[in-house]
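The structure appears below as structure tokens.
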Amino acid sequence: MKSVRISFALALILALAFVSAPKADNHQSQSLTIVWAEWDPANYLQELSKDFTAETGIAVDVIQIPWPSFQDKVFTAFVGKSDLYDIVIGDSQWLGRNSQGKNYINLTDWINENIDVDAIYGPAMTAFAEYPKGSGTYWALPAEVDAAGYVYRKDLFEDPKEMAAFEKKYGYALAPPKTYDQLRDIAEFFTRPDDDLYGIATWYSKEYDGITMGFQQVMWSFGGTYGDAETYKVAGHLNTEDAAKALEFYTDLLQFAPPDAPNYYWAETLAAYNSGKVAMAMNYFAFFPGVINPEVNKISHDKSGFFIAPAGPKGHYISIGGQGMSISSYSKNKDLAKQYMKWFMQKPVQEKWAMLGGFTPHKEVLQSDTFKMATPFNEAFAASFPYLRDFWAVPEYAELLEACQTNWNEAISKIKSPKEALDAIARKHEEIFEDAGYYDE
Amino acid sequence: MSDYQIKMAFIMPTMILLILMNIFPLLWSLYLSFHRYKASMPAAPRFIGVRNYARLLQDPEIWGYFQTTAYFVVLAVVVQFVIGFGLALLLNREFRYKGFITTLLLLPMMLSPVVVGLFWRFILSSDNSGLLNFFLSPILKSPIGWTTHPKVAMLAVVIVDTWMWSPFMMLIALAGLSAVPKYLYEAADVDRASAWFKFRWITLPLVSPLLLIALLFRTMDAFKMFDIVYVLTREGGPGTATETVSMNLYKLAFRNYNTGKACAMAYILLIIIVALSNIYVKYLNRVKGDA
């Protein structure tokens with residue numbers, strides 16, 4: 026009984042001590058939470074933010090969420106009006122939904138007063154910060170500007186025997202392709218299933234925006250579009266002969282990819298390339314540090330070259346990647362967040378960001394030789410910039426994306442013909458726009 | 111305090127929890143199913159009558175998801191029933207290490223479905239790096255597209271679900287088998303009854319009520335198939351070949367945030383599951399009556 030009393034007294038003392046403990050000093054514990062997807066650039070940002078902490082004493086924590094659940098987790102936090110995140114580094118497509126959904130704060134006046142917009146690459150500002158497009162209303166600042174690009178095996182491309190055999194078969198020299206026809210030839214040439222070697226790894230996956238990001242640049246380059254950006258009419262723009270030819274081409278390319286390729290998105294294409302299974306692979310430039318890292322890529326880390334996505338018969342367009350930096354409406358640290366963003370956009374910080382491996386939106390830094398020489402792929406990345414295009418960024422983008430993902434994946438799986446898939450997407454997209462009131466007078 | 115007050119004091123915490131966590135969401139989602147509402151947008155719910163239900167029921171794609179789900183439920187539950195009951199018959203006798211083997215067989219159903227999906231993703235990888243294709247490579251000309259071929263992908267999902275849930279069928283069937291009185295078999299032996307006769311007229315009638323309960327649980331669970339499809343076939347691919355109703359419901363609710371429509375779909379799913387369960391329960395009562 027005595028021991029029970031002693032235990033009870035101890036528990037009471039501990040409880041009192043806990044209740045009466047002084048609260049932490051707010052000035053000492055100022056901190057910012059940034060949420061981003063789990064990938065290398067987020068590590069670079071965490072590293073970069075140490076300078077901000079050293080300058081201001083404000084701690085910065087970059088929370089990383091695995092890509093497949095990134096959007097779901099952030100959006101669920103928004104629905105719950107959670108103050109968990111101060112700064113959200115989100116996809117360009119999120120702009121419409123999160124600006125109209127009042128999840129991002131309007132930064133227009135603050136940006137005009139505090140940020141040198143002219144120093145930022147214009148298309149990046151449009152893609153990652155502005156909604157509606159062309160309105161001059163800003164909800165973000167570009168953080169990481171990315172593009173889809175290609176890596177190739179230089180040891181294969183520059184092998185004299187391979188070069189001679191290729192030239193004999195196709196009548197022109199083996200080199201990084203400039204057109205989609207050349208890309209197909211090279212992919213076909215290197216497809217040797219008996220040696221477990223395939224021509225190409227590109228995105229066909231139904232996960233998130235996989236096949237859409239992979240195929241849309243082919244569609245645009247073949248002459249197709251998603252629709253009229255003014256009227257939001259889709260029929261006759263998306264389901265055209267040009268777009269059908271593009272989808273036929275993209276489906277045909279699958280025969281030169283590894284058997285598991287219908288499931289490929291960025292992680293799988295990277296793994297296929299690093300394991301020596303393919304001669305060429307498409308990926309976002311931000312993932313290419315993994316290609317030149319000898320610990321990750323033991324086969325071709327020092328034998329890899331990079332080229333920009335090829336041109337099509339009717340144009341040259343490349344899928345934009347990357348994210349913009351926005352402030353959550355539910356953050357309790359909005360002023361600190363603005364302080365951080367202002368600091369981040371300074372030229373010296375952007376230079377360090379680029380040196381760490383981040384893809385800067387800062388015009389001068391982007392065009393500098395220092396940036397282009399910093400990695401073997403930066404030059405191809407900088408060359409991709411004039412050709413970047415984006416998916417719809419309207420609030421209904423997720424539904425529009427879903428229709429594309431499902432139908433294009435059905436087309437490459439031969440469940441639907443290219444024409445059927447495109448007609449189905451056009452029908453669905455117009456239904457979504459109609460429901461959302463885009464066609465109301 | 112009166113007896114009534116004491117009773118209420120004990121019951122109320124549970125009642126409040128039940129109302130907050132179960133009854134309120136159920137009623138709120140029913141309310142939302144008649145409204146145009148997106149949880150991600152600030153606009154308040156707008157009443158649109160039964161339009162969400164009408165659009166869902168008129169959408170051929172939604173019927174396609176129901177067909178896919180029905181195909182999966184029938185195939186998976188039948189295969190699991192046959193394997194589970196077969197294993198239970200094998201285990202319903204005394205042999206060395208019986209307890210150890212039974213425990214081993216029960217392991218799959220104790221794992222998380224996401225973990226199961228992930229490691230089967232490696233086993234069923236559609237190139238030769240997949241374990242199954244690697245073992246089959248000496249006899250196959252080209253690897254099987256377990257998760258990439260539209261006609262094979264559903265089979266892959268059924269294989270994984272069967273691996274995971276056949277032990278559940280086995281466990282329930284084993285419980286039923288061990289409860290069958292031994293003297294019935296002894297009497298049948300005296301009458302020189304055949305093994306088939308004993309199975310058909312002793313084992314099956316006495317075990318069938320428990321088997322029906324196992325079938326009921328598995329059918330309800332299979333109808334809600336989500337996790338394995340999400341992980342193994344990447345959100346129901348290729349195309350929509352393995353996209354179940356629950357998978358589509360998830361996308362509708364948490365990716366598109368089409369909350370009103372998603373609530374309507376959840377109610378359609380609920381009605382179907384309740385109807386199916388009722389059929390089972392009626393049949394169960396009939397079987398019990400016969401027994």
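Keeping their order, the protein sequence lines are chains Y and G. Sequence positions in the first sequence follow the numbering used here and run 26 to 466. Sequence positions in the second sequence follow the numbering used here and run 111 to 401. Ideal placement from N, C-alpha and C gives every residue a C-beta, glycine not left out. None of the values given here were measured: they were computed from a predicted structure.
Use the C-beta contact count for residue i: other C-beta atoms within 10 angstroms, 16 or more gives buried, fewer gives exposed.
| i | result |
| --- | --- |
| G:PRO291 | exposed |
| G:ALA119 | exposed |
| Y:ASP50 | Confidence at Y:ASP50 is low in this model, with a pLDDT of 45, below 50, so its placement is unreliable and the value that follows should be read with caution. Y:ASP50 should be labelled exposed. |
| G:LEU250 | exposed |
| Y:ALA282 | buried |
| Y:SER74 | buried |
| G:ALA283 | buried |
| G:ALA385 | exposed |
| Y:ASN128 | buried |
| G:GLY159 | exposed |
| Y:GLY330 | buried |
| Y:LYS48 | Here Y:LYS48 scores only 47 on pLDDT, less than 50, and its place in the model is too uncertain to base an answer on. |
| G:PHE364 | buried |
| Y:GLN53 | At Y:GLN53 the pLDDT is 46, less than 50, meaning the model places this residue with poor confidence; the figure from the coordinates comes in the next sentence. Per the 10 Å Cβ criterion, exposed. |
| Y:PRO420 | buried |
| Y:VAL390 | buried |
| G:ASN368 | buried |
| Y:ALA271 | buried |
Whose C-alpha, out of the options, is nearest the C-alpha of residue i?
| i | options | result |
| --- | --- | --- |
| G:GLY399 | G:PRO315, G:THR179, G:TYR163 | G:PRO315 |
| Y:ALA451 | Y:ALA173, Y:GLY252, Y:ARG217, Y:PRO338 | Y:GLY252 |
| G:PHE157 | G:HIS145, G:GLY370, G:TYR293 | G:HIS145 |
| G:ASP271 | G:ALA285, G:TRP230, G:PHE244 | G:TRP230 |
| Y:GLU72 | Y:THR395, Y:GLY382, Y:GLY174 | Y:GLY382 |
| G:LEU217 | G:VAL160, G:TRP273, G:ARG344 | G:TRP273 |
| G:TYR393 | G:ILE323, G:PHE333, G:TYR181 | G:ILE323 |
| G:LEU201 | G:ILE121, G:LEU128, G:PHE278, G:LEU287 | G:LEU287 |
| Y:TRP245 | Y:SER442, Y:TRP135, Y:LEU413, Y:THR133 | Y:LEU413 |
| G:ARG161 | G:ILE382, G:SER236, G:ALA374 | G:ALA374 |
| G:SER318 | G:TYR390, G:TYR377, G:PRO260, G:VAL341 | G:TYR390 |
| Y:ASN432 | Y:TYR355, Y:ASN139, Y:THR151, Y:GLY235 | Y:GLY235 |
| Y:LEU193 | Y:ASP221, Y:PHE214, Y:THR58 | Correcting the residue type first, residue 193 of chain Y is Lys in the shown sequence and not Leu. Out of Y:ASP221, Y:PHE214, Y:THR58, Y:PHE214 has the C-alpha closest to the C-alpha of Y:LYS193. |
| Y:LEU70 | Y:GLN55, Y:SER54, Y:ILE88, Y:SER56 | Y:ILE88 |
| Y:ILE140 | Y:LYS158, Y:GLY115, Y:TYR156, Y:PRO167 | Y:PRO167 |
| Y:ASN358 | Y:GLY159, Y:SER107, Y:LYS231 | Y:SER107 |
| G:GLU402 | G:LEU359, G:ILE382, G:ARG396 | The requested residue 402 of chain G does not occur in the structure, where chain G is confined to residues 111 to 401. |
| G:TYR163 | G:GLY370, G:VAL262, G:TYR207, G:SER387 | G:GLY370 |
| G:ILE381 | G:LEU140, G:PRO135, G:PHE245 | G:LEU140 |
| Y:VAL415 | Y:ASP221, Y:SER56, Y:LEU120, Y:GLY105 | Per the sequence shown, residue 415 of chain Y should be read as Asp rather than Val. The option with the nearest alpha carbon to Y:ASP415 is Y:LEU120. |
| Y:SER351 | Y:PHE103, Y:GLN242, Y:GLY301 | Y:PHE103 |
DSSP puts residue i in a beta bridge; with which residues?
| i | result |
| --- | --- |
| Y:GLY126 | None, per the DSSP bridge assignment. |
| Y:TRP61 | Y:GLN89 |
| Y:PRO373 | According to DSSP, Y:PRO373 bridges with nothing at all. |
| Y:HIS387 | Y:ILE145 |
| Y:GLU169 | Y:GLN348 |
| Y:GLY115 | Y:GLY349 |
| Y:ILE225 | Y:MET305 |
| Y:ALA84 | Y:SER56 |
| Y:THR204 | Y:ALA336 |
| Y:SER325 | Partner(s): none; Y:SER325 has no beta bridge. |
| Y:ILE343 | Y:LEU413 |
| Y:VAL485 | Chain Y is shown from 26 up to 466; residue 485 of chain Y falls before or after that span and cannot be answered. |
| G:ARG206 | Looking at the DSSP assignment, G:ARG206 forms no beta bridge with any residue, so it has no partner. |
| Y:GLU424 | Beta-bridge pairing links Y:GLU424 to no other residue. |
Can we count residue i as close to the ligand FMN, meaning its CB is less than 7 Å from some heavy atom?
| i | result |
| --- | --- |
| G:GLN177 | Among the ligands in the structure shown, none appear at all, so the ligand FMN cannot be discussed. |
Taking one C-beta from the stretch 170-184 of chain Y and one from the stretch 77-84 of chain Y each time, how about it: are there three or more such pairs within less than 8 Å?
-> no
Start-end ranges of the alpha helix (DSSP H) lying completely within the stretch 439-466 of chain Y, minimum 4 residues = 443-460
Output the residue ranges of the alpha helix (DSSP H) runs that lie fully inside the stretch 280-336 of chain G and measure 4 residues or longer, sorted by chain position.
-> 292-300, 305-308, 314-333
Stretch pair the stretch 297-307 of chain Y + the stretch 218-230 of chain Y: three plus CB contacts closer than 8 Å | yes
Is it a yes or a no for the stretch 353-371 of chain G touching the stretch 161-178 of chain G, going by three-plus beta-carbon pairs under 8 Å?
-> yes
Counting Cβ pairs, one atom from each stretch, are 3 or more of them under 8 Å apart for the stretch 140-154 of chain Y and the stretch 302-315 of chain Y?
-> no
Going along the chain, which unbroken runs of the beta strand (DSSP E) with 3 or more residues stay wholly within the stretch 245-318 of chain Y?
-> 303-309
4 or more residues per run - each alpha helix (DSSP H) lying fully within the stretch 127-195 of chain G | 134-142, 161-168
Touch test, the stretch 333-343 of chain Y against the stretch 95-111 of chain Y, Cβ-Cβ under 8 Å, three pairs minimum | no
Are the stretch 165-180 of chain Y and the stretch 316-333 of chain Y touching, with three or more C-beta to C-beta distances below 8 Å?
-> yes
Report yes or no: do three or more beta-carbon pairs, one from the stretch 425-445 of chain Y and one from the stretch 257-273 of chain Y, lie closer than 8 Å?
-> yes
May I ask you to verify whether the stretch 320-336 of chain G touches the stretch 180-190 of chain G, counting CB pairs closer than 8 Å and requiring at least 3?
-> yes
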